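Right, one structure below, let's go through it.
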């Protein structure tokens, strides 16, 4: 441990490269498990680092594993009715926890937590919607992302990171993957409905 700190102080470029290498190995291992259909183990591989507050591992979940591999984090309820809501909540929380990652942090500054398309269908309670709007506005302002994450925790938009870790560790339903449609560069063919063909 002391040697790792010494290396980081004496050769920050080398230490940074080592972290990047470890992260890419972690991602390759997780994506190999996803391709084999072992999504619960893929989650555990990345989560081992992410649960420690590792912003690179958190960013890997929010920027790669969830949106591109269809990895759905552990949950407490069946996903038959609330899959979209669960994914939105997880993406918001993980993005905010990963704010120290430059790519995620820049995205939060530029886009906030992406409420424009969510407010109408997500929040039945106006007070909750206003709390999300406050966090979104904070992120888009000149305040630091760290301040805005603290505001999100204070307003209970997300739990504290320690509480989130406990929730994920204790969730009774394991992570799983959903099948995502293939991305295509072709325009989809539009077919009229039968009723429109008369």
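In our numbering, the protein residues as written are 2 to 199. For each residue, glycine too, the CB sits at the ideal point set by N, CA and C. Predicted, not measured: the structure shown is a model, and the values here were computed from it.
Cut-off 6 angstroms between Cβ atoms - residues of its own chain near residue i, not counting five sequence neighbours on either side
i, result
"residue 106", "100, 146"
"residue 132", "156, 158"
"residue 50", "58"
Assumed close pair residue i, residue j - CB separation to whole angstroms, cut-off 8 angstroms
i, j, result
"residue 149", "residue 136", "6 angstroms"
"residue 67", "residue 30", "Residue 67 to residue 30, Cβ: 17 angstroms. No contact."
Cβ neighbour criterion (16 or more within 10 Å) applied to residue i
i, result
"residue 77", "exposed"
"residue 57", "buried"
"residue 1", "This structure does not reach residue 1, given that the chain is present from 2 up to 199, and the question cannot be answered."
"residue 176", "buried"
"residue 125", "exposed"
Cβ-based neighbour list, residue i, same chain, cut-off 8 angstroms, excluding 5 preceding and 5 following
i, result
"residue 104", "60, 64"
Identity of the residues DSSP links to residue i by a beta bridge
i, result
"residue 129", "DSSP lists no partner for residue 129."
"residue 178", "72"
Cβ neighbours of residue i in the same chain (closer than 7 angstroms, five flanking residues each side left out)
i, result
"residue 179", "71, 73"
"residue 109", "96, 100, 140, 146"
"residue 151", "none"
"residue 28", "61, 65"
**Message:** Please give the ranges of any alpha helix (DSSP H) in the region 69 to 103, keeping only runs that are unbroken, at least 4 residues long and fully inside the region.
**Reply:** 84 to 98
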